[in-house]
Structures are given as C-alpha cells and as structure tokens.
Amino acid sequence: MIKLKNNITLIVFLKELKDMFRDKKTILIGVLIPIIIFPLMFFVIGKSMQTNNNKVENNLKISLVDNSNSSFGSYLRKQKNLKIVDSKNPDQDLKDGKIFLSIEIPDNFDDNITKEISASINLEYDNSSQQSSTAEGIVSSYLDSFSKEIVTNRLSKRSIDTSLLTPTVLKLKTVEKVDNGIGKMLLSIMLPLLLIVYSVSGPLPAATDLGAGEKERGTLEPLLTTQAGRMSLLWGKFLAITTLGLISTIASMIGMYIAITQKGGLFSSTTGGAGFSIGGTTIIMIGIVTILFTMAFGALELAISIFARSFKEAQTYLSPLIIIAIIPAYGTYMLDAKNIDAFYFSIPIANGVCLIKEFISGIYNYYHMAITFGWLLAYIVISIMLATYMFNREEVIFRT
Amino acid sequence: MFIYFGGGRMIEVTELSKVFKKITAVDNISFKVESGEILGLIGENGAGKTTTLRMLATMLRASSGTAKIEGYDINKEAYKVRGKIGILFGGEVGLYDRLTARENIRYFAELNGMSKEEISTSIDYLVKILEMEEYVDRRVGKFSRGMKQKVAIARSIVHNPTVMLFDEPTAGLDVTAARIVQDFIIKCKEKNNSIIFSSHSMQEVERICDRLVIIHKGKILEEGTVDYLKDKYQSSDMEEIFMKLVGDKIEK
Chain A
1 MIKLKNNITL
11 IVFLKELKDM
21 FRDKKTILIG
31 VLIPIIIFPL
41 MFFVIGKSMQ
51 TNNNKVENNL
61 KISLVDNSNS
71 SFGSYLRKQK
81 NLKIVDSKNP
91 DQDLKDGKIF
101 LSIEIPDNFD
111 DNITKEISAS
121 INLEYDNSSQ
131 QSSTAEGIVS
141 SYLDSFSKEI
151 VTNRLSKRSI
161 DTSLLTPTVL
171 KLKTVEKVDN
181 GIGKMLLSIM
191 LPLLLIVYSV
201 SGPLPAATDL
211 GAGEKERGTL
221 EPLLTTQAGR
231 MSLLWGKFLA
241 ITTLGLISTI
251 ASMIGMYIAI
261 TQKGGLFSST
271 TGGAGFSIGG
281 TTIIMIGIVT
291 ILFTMAFGAL
301 ELAISIFARS
311 FKEAQTYLSP
321 LIIIAIIPAY
331 GTYMLDAKNI
341 DAFYFSIPIA
351 NGVCLIKEFI
361 SGIYNYYHMA
371 ITFGWLLAYI
381 VISIMLATYM
391 FNREEVIFRT
Chain B
1001 MFIYFGGGRM
1011 IEVTELSKVF
1021 KKITAVDNIS
1031 FKVESGEILG
1041 LIGENGAGKT
1051 TTLRMLATML
1061 RASSGTAKIE
1071 GYDINKEAYK
1081 VRGKIGILFG
1091 GEVGLYDRLT
1101 ARENIRYFAE
1111 LNGMSKEEIS
1121 TSIDYLVKIL
1131 EMEEYVDRRV
1141 GKFSRGMKQK
1151 VAIARSIVHN
1161 PTVMLFDEPT
1171 AGLDVTAARI
1181 VQDFIIKCKE
1191 KNNSIIFSSH
1201 SMQEVERICD
1211 RLVIIHKGKI
1221 LEEGTVDYLK
1231 DKYQSSDMEE
1241 IFMKLVGDKI
1251 EK
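Line by line, the protein sequences are chains A and B. This note's numbering puts the first residue of the first sequence at 1, with every later residue one more than the last. This note's numbering puts the first residue of the second sequence at 1001, with every later residue one more than the last.
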C-alpha cells in the first residue's frame, strides 16, 4: 500500500513536471528571465555609470572667470581632462547642463597667496546633478593638490621638514582581500533578499496552475475519481511546485553569478569582475536554507491556490505574498552579518536573511542555525498541514 | 487477459443525503440500478443530480445514508468503489492540453494502479474502438470538442469499470460529438454495465434510458420506466410530465 502511494506521488510529480515544462511561459518566466535579467540589469547600470563617469572625468566642461590670470587658473588650464568653456551666463549654462561647474578666481588670489593669507575661490555646481557633483569632487582634489604644493614650498623656504604635516600614517590591512571584502559585503546585502524573493515568486506560477488552474480547467474532478489517494496527489503536486521554485531560484542565482563576474557590469568597478568567491560549504548551507524556504512557500501557495475559485482569484490572493515576504527581508538586509542579535532569528523570513548573511561572512553560529532551521521546519509543517486541510475540504475543492 | 466493459452488477442507493452547511442538496434518496440498465437522473439545475453522482464517485462524503457499488460501500470502501466506477463529465471535459491524448489516458490508468502491460493493451484497444489512431499522439490543446470527448471517454473506461456515471455528458456538444457519447453509453449497456445518466434533455433520456428518476430539490419526485410514467400521467410528452411534477412541487 505504501509502495503504491509512493508510486502515485512519483507519477503525479513526473506528470506535473512534464506538463509544466511543455509550457513555454514556464521556461521563459521560471528559467530564462531569471538567468538573463540580472546580468542585463547590472550590465546596463554599470555601463551607464561608467559612461557617466568617463564623460565627466575625460571631458570636464567648466566655466572659468580668472581676470588676473592667477596661478591656480594656470594650474587648471594645464589639466588635460578639463575643458574651459567660454560662458556668457555661467549660472544658466550650469542649470542647463552645458557646463558641470563654474569657477571664479578673485583678482587678489595670487596676492593673498604671496602674503600667506587665505585666498578664496568661488565654485558653483549643481548639487542635483550627478555629473556636476562628480566634477566638483575632481576640481576640489585639484585644489587640494595645489594647496599642498604651496604649503610644501612655504615650509621648504623655512627649512622645515614637510613630514611635520603628517605626524601619523595609517597603514590599512584588511581581513579579506579588498576586492573580496567589497564583493562579500555587496553579496551579503543583495543575495539574501534575492533568494527570499525567488523562494516566494519561484513556486508561484506552478502553485497557481496546479491548484486553482486545475479546478478551473475541470481536471481536478476526474483526478479525484481515480484510485489515487488525495494525499498522494497533493504530495506529487507539492514536490513539482517546489522543484519548479528551486529551478527558478537556481536560475536567478546563475544570473546573479554572471552579473557579478561579468566585465563591464556594475560590480566590475568595485570587484574587478570575478574578484571574489564563495566556498562550497557556504553554497550548500545557503542552498539548504533556500530549499526549505521554497518548500514552505510552495506549500503555502498551493494551499491558497486550492482555496481560490479560479486562476484569477488565486493570483489576487498570491500576489501580495511577495510584498509580505519582502518587508521583513528589507528590514534586515542592511544588518552587519557579524553583529546580529539572536531575536532576529525568530522573526519569520528575517531569520533566513540573517542566516544567509552569516554564511556569506563565513559565520556558522550553531545556536542561530538551530533556531532558524527549527522555525523553517515548523513553517513547512504548518504550510503542508494547511494545504492538506484545504485539499481534504469538500467545500474548498468544489468551491466554484 | 484484460477485458473491457465486463460484468457490471448494480448500484444500490439507500437513504442517501448530503447537507452543505444549512442547505440539503440531496434528501434521503433511494434507488437501484441493475446490470445492463441505464437509469436516467433528471432534474433542474441545483436539483441534486451532480451531488448524488459525486457521492457515488466518492468525491463527496455522504451526510447520512449510503450506497453500494458492486457491493462496496461508498463510505467505508471508497478506494475499492473508485476502481469500479468510470465517470464522464459534460461541459469542459477536463483534459491536460499540453499532454497528448495517449499521455492523458495513460496518466489516469497509472493513477488507477494499472501495470504497464495492462495500460498498453487497454490504450491500444481504446484507440482502435474510438478511432483515435490519427491523433492519439498529438497534444489535446487544439482538438475539436468531439475529439476531446473521445479522449475523455477513453480516460473514463481505461481501468475497465463496471459502473458508469454520466454527468450531463452531452451538455454543450454539437450533434456529432453528442452522438459519439450516446453511442458509447449504449455500448456500455450492451456490455452489461450499470449506468446512471443525468441530463436536462427529455428527448435524450427518453431515447436512451430504461428507467427514470425525477429529482427536485434533493428529493425523488417520481421513479419508473418511460412507459409507466406516460401511462400514469396520461401524457406522451415527457417534458410535460416533468413540468407537471416539478411545477406541482413549486406551487406546493
């Protein structure tokens, strides 16, 4: 009898997978889009950021009013990336984006330098423009260098060692390689959120189709007249939904990996492309958390889908789940993995986010793991019980 | 050896009731269907026909009373009952569009616990008698209603049931598709199956059924052969008899 039940579960599972994978939409939404979307998104963002920076760094258009032909004016004119624009109305040109900033050097600038009193420079920029802000940073750094040169000359004239100005020197040493550390930090912020979103959204299409969809198409009633037990049918469907959810999550992970390692993308500016890696144990542990979350959400979504009268109604009930799941995930995604309080591991969804963060940082806190895995198993059991309850209720199954 | 449509015995319904919250959908009904007999279950929408068939098919649990299908109790031996019945629905026949006709039929055979050999023999046989050779390995999504109805028929009998339940199987079908179903019901009768056929069409039940049960608001109003009812109510028109019975009940 048990053998027959298992066989039925397997028959239903295999049939559902075959049915779903013959649907082009499933492959498109569940596999192709998750693989393509992140590399594409981060490539476009990275490229536009690079283009933006290059535009400012290599073609910095400024307006310069320097009637006294000052030393700083000459210094600026020597900079190859600066393009001095003759502007009749600098304020308007700045607003219109024709120039990135406007500099006015007062006539007494060099006199003040010679007299060793503070010499001011007027710099106007558009603080609502990213390009103008970047230009301001570049010109400020030129002014810093120019000022340091002056100070060095003044001290030299007085025969004073310039090292007087730098009594302490900070030598930075990092736990991780610099690239690796930035990569891990970015990953510990983005990956948990992404995994939670995909744990919810991955099983959604399958759950909608195998619950409410089956009701709407009229395929559920004939199914219930067969010798297959309801629990076997439910388990077969549940496993198919979880599998599809996992495939979708794995596809998104592959997409994320490509996005991180691709050259010319957003991460290449910070990590230099494939600048870091995650160990096998970390991947396995993250995988277990993801599988458990996908199972819990899969069962919950199936229960809701069975309850719904139609495909549309199921979509209405299920869509808010993503938002509900994102709230606790967002609430914790900026937490520092090395200082997470224990109570976070008892908050649904937030606990998974925190645990994945710890894994990425190489932390394996058994207490946190025990609490989180305990809760995750409880979510799965409760969700499956709810789905079972729904599937055994006549008024739910025949609710049309 | 796998034999089709073999040796149906009987359906025995005893004081069967179904209550949904406060609504009594089926109210203490009793009837019998012998081997090789077609019982017509007629009534308006919401009369309790589908609920009765769903209880007999063990999809719904009876609130009280019981029924025996070939001696198996629907309340206590649901698993065995499901092995004895085949059910065909009207309207949307409920096929998986992305599976082929063969895969649809095989899926239901597998769920009924048949072996690979039995499935293969039975599908080959059904494909032949229902003339589905041309399209059995095509996905059913683009099939006509008639083709779909044939696949649904094959699916309902693939496990060799001896009791057949038809829930308005010709609803929404064109003449050709409806004729396929009617021919199939007559074949089931010839093979000695016990059959319950629910329908709205008086002409159809008059032509096919041996005996009729007229049901209204979950209760049986009248039962008997077509001739008996015509004689009793002094009318040759079954629709008139039905309206008289149901109309009387509404007035009361």
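Glycine included, C-beta positions come from ideal geometry on N, C-alpha and C. In this text, all values refer to a predicted model and were calculated from it rather than measured experimentally.
Can you confirm whether residue i, when its beta carbon is compared against all beta carbons of chain B, has any partner nearer than 8 angstroms?
i, result
"A:Ile11", "yes"
"A:Thr219", "yes"
"A:Glu313", "no"
"A:Leu191", "no"
"A:Ile8", "yes"
"A:Thr243", "no"
"A:Thr208", "no"
"A:Arg427", "The structure shown does not extend to residue 427 of chain A, since chain A is modelled only from 1 to 400, so the question has no answer here."
"A:Lys25", "no"
"A:Leu234", "no"
"A:Leu224", "yes"
"A:Lys3", "Legend: pLDDT at A:Lys3 = 49, less than 50; position of this residue unreliable, no value from coordinates given."
"A:Gly273", "The predicted model places A:Gly273 with a pLDDT of 48, which falls under 50 and marks its position as unreliable, so this point remains unresolved."
"A:Arg22", "yes"
"A:Ala299", "no"
"A:Asp19", "yes"
Residue i by DSSP, collapsed to three states: which one?
i, result
"A:Gly362", "coil"
"B:Tyr1072", "strand"
"A:Asp91", "helix"
"B:Leu1212", "strand"
"A:Phe100", "coil"
"A:Ser141", "helix"
"B:Val1093", "coil"
"B:Ala1025", "strand"
"B:Gly1247", "helix"
"A:Ser118", "coil"
"A:Gly352", "helix"
"B:Ser1017", "strand"
"B:Leu1164", "Checking the sequence, you will find Met at residue 1164 of chain B rather than Leu. Correct three-state label for B:Met1164: strand."
With distance defined between alpha-carbon atoms, name the residue in the options nearest to residue i.
i, options, result
"A:Phe398", "A:Gly218, A:Ile283, A:Ile160 and A:Gly245", "A:Gly218"
"A:Phe135", "A:Ser102, A:Thr372, A:Ile121 and A:Ile324", "The sequence given here has Ala at residue 135 of chain A, not Phe. Checked all of A:Ser102, A:Thr372, A:Ile121 and A:Ile324; the closest Cα to A:Ala135 is A:Ser102."
"A:Phe238", "A:Glu57, A:Ala296 and A:Tyr366", "A:Ala296"
"A:Leu40", "A:Lys263, A:Lys15, A:Asp19 and A:Thr226", "A:Lys263"
"A:Asp336", "A:Pro192, A:Thr316, A:Pro203 and A:Ser199", "A:Pro192"
"A:Asn59", "A:Lys83, A:Leu318 and A:Phe109", "A:Lys83"
"A:Ser132", "A:Asp107, A:Ser63 and A:Asn153", "A:Ser63"
"A:Leu195", "A:Ala251, A:Phe391, A:Ala240 and A:Ile113", "A:Ala251"
"A:Ile117", "A:Ser140, A:Tyr75 and A:Val151", "A:Val151"
"B:Gly1043", "B:Gln1234, B:Tyr1228, B:Ser1198 and B:Arg1211", "B:Ser1198"
"B:Ser1194", "B:Lys1068, B:Glu1222 and B:Thr1170", "B:Lys1068"
"A:Gly236", "A:Ile384, A:Asp23, A:Gly73 and A:Pro328", "A:Ile384"
"A:Tyr366", "A:Phe293, A:Ile380, A:Ala329 and A:Ala342", "A:Ala342"
"B:Leu1212", "B:Ser1017, B:Leu1016 and B:Glu1037", "B:Glu1037"
"A:Ile121", "A:Leu234, A:Phe146, A:Lys171 and A:Asn52", "A:Phe146"
"B:Asp1183", "B:Ile1153, B:Phe1242 and B:Gly1172", "B:Ile1153"
"A:Val289", "A:Leu244, A:Ser319 and A:Thr249", "A:Thr249"
"B:Lys1049", "B:Thr1225, B:Ile1214 and B:Lys1076", "B:Ile1214"
For chain A, is any of its Cβ atoms less than 8 angstroms away from the one on residue i?
i, result
"B:Ile1153", "no"
"B:Leu1095", "yes"
"B:Arg1098", "yes"
"B:Glu1092", "yes"
"B:Phe1089", "yes"
"B:Phe1108", "yes"
"B:Val1013", "no"
At a cut-off of 7 angstroms, would you count residue i as near the ligand MG, judging by its Cβ distance to the nearest heavy atom?
i, result
"B:Leu1088", "In the structure shown, the ligand MG is absent, as is every other ligand, since no ligand is present at all."
Between the stretch 1196-1214 of chain B and the stretch 1232-1244 of chain B, do at least 3 Cβ pairs fall closer than 8 angstroms?
yes
Contact set between the stretch 1038-1064 of chain B and chain A, restricted to residues whose Cβ is under 8 angstroms from the partner
Arg1054, Ala1057, Thr1058, Met1059, Leu1060 and Arg1061
Quick check: the stretch 203-221 of chain A against the stretch 343-353 of chain A, are at least 3 beta-carbon pairs closer than 8 angstroms? no
Practice task
Pair every Cβ in the stretch 1153-1160 of chain B with every Cβ in the stretch 1104-1114 of chain B, then say whether three or more of these pairs are closer than 8 angstroms.
Solution key: yes
Legend entry - the stretch 1110-1131 of chain B: positions lying closer than 7 angstroms to chain A by Cβ: Glu1110, Leu1111, Asn1112 and Gly1113
* To do: Please name the residues in the stretch 1062-1086 of chain B whose beta-carbon is closer than 9 angstroms to at least one beta-carbon of chain A, in chain order.
  => Tyr1079, Lys1080, Arg1082, Gly1083, Ile1085 and Gly1086
* Validate contact between the stretch 1012-1032 of chain B and the stretch 1207-1221 of chain B using beta carbons, cut 8 angstroms, 3 pairs -> yes
Under 9 angstroms, CB to CB, which of the residues in the stretch 1180-1201 of chain B have a partner in chain A?
none
task = Would you list, in chain order, the members of the stretch 1019-1039 of chain B that have their beta-carbon closer than 9 angstroms to a beta-carbon of chain A?
result = Phe1020 and Lys1021
**Message:** I'd like to know if the stretch 293-307 of chain A and the stretch 196-204 of chain A are in contact, where contact means that at least 3 CB-CB pairs between them fall below 8 angstroms.
**Reply:** yes
Contact between the stretch 1119-1139 of chain B and the stretch 1059-1068 of chain B: three or more CB pairs below 8 angstroms?
no
Spell out a yes or no on whether the stretch 91-106 of chain A and the stretch 66-82 of chain A are touching, meaning 3 or more CB-CB pairs, one atom from each, closer than 8 angstroms. yes
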